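Trainee: Just passing along the structure, written as structure tokens.
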């Protein structure tokens, strides 16, 4: 699984515009079984592509540990945390809810 994660992160790093479509797809599938953990995984991938947990934690004013916990497979981040993380990656929350 790690190789897949690394490949996705590399693609997102090489094509930052892909991050919006990637997160939008995961957002659209939130209501499906496993959708919440899949969205958190997608967000973790985008965070890693945007400089990693430490860099994004600094931008969000969250501790790195809090960010890891919030984006873990069993994480339960608040809406405030989610929007801060999404914004710190250069994406606007409304980009996930509106088709382009």
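Numbering (my numbering), first residue to last: 13 to 112. Ideal Cβ placement from N, Cα and C applies to all residues, glycine included. In this text, all values refer to a predicted model and were calculated from it rather than measured experimentally.
1) Would you identify the three-state DSSP class for residue 77, choosing helix, strand or coil?
2) Return the first residue and the last residue of the alpha helix (DSSP H) that residue 88 is part of.
3) For residue 27, which of helix, strand or coil comes out of DSSP?
4) Just tell me which of 66, 44, 48 has its CA closest to the CA of residue 101.
5) Kindly indicate which three-state DSSP category residue 103 falls into: helix, strand or coil?
6) I'd like to know if the stretch 53-64 and the stretch 13-22 are in contact, where contact means that at least 3 CB-CB pairs between them fall below 8 Å.
7) For residue 68, which of 49, 95, 91 has the nearest alpha-carbon?
8) In terms of residue numbering, what span does the alpha helix (DSSP H) encompassing residue 110 cover?
9) In angstroms, rounded to a whole number, what distance separates the CA positions of residue 54 and residue 99?
Mentor: In this structure, then:
1) Stepping through the chain shown from its first residue, residue 77 is reached at position 65. It is helical.
2) Looking up residue 88 in the chain shown gives position 76. Residue 88 -> no alpha helix (DSSP H), and no H or E assigned at all.
3) Here the question's residue 27 lines up with position 15 in the chain shown. Correct three-state label for residue 27: coil.
4) Taking the chain shown and counting its residues from 1, the one referred to as residue 101 is at position 89. Of the listed residues, the one whose Cα sits closest to residue 101 is 66.
5) As a position in the chain shown, residue 103 is number 91, starting the count at 1. Here residue 103 sits in coil by DSSP.
6) yes
7) The residue labelled residue 68 in the question sits at position 56 within the chain shown. Closest option to residue 68, Cα to Cα, is 95.
8) Translated into the one-based positions of the chain shown, residue 110 becomes position 98. Careful: residue 110 lies outside any alpha helix (DSSP H) and carries neither H nor E.
9) Residue mapping note: residue 54 aligns to position 42 of the chain shown, counting from 1. Residue mapping note: residue 99 aligns to position 87 of the chain shown, counting from 1. Each residue's Cα considered, the two are about 15 Å apart.
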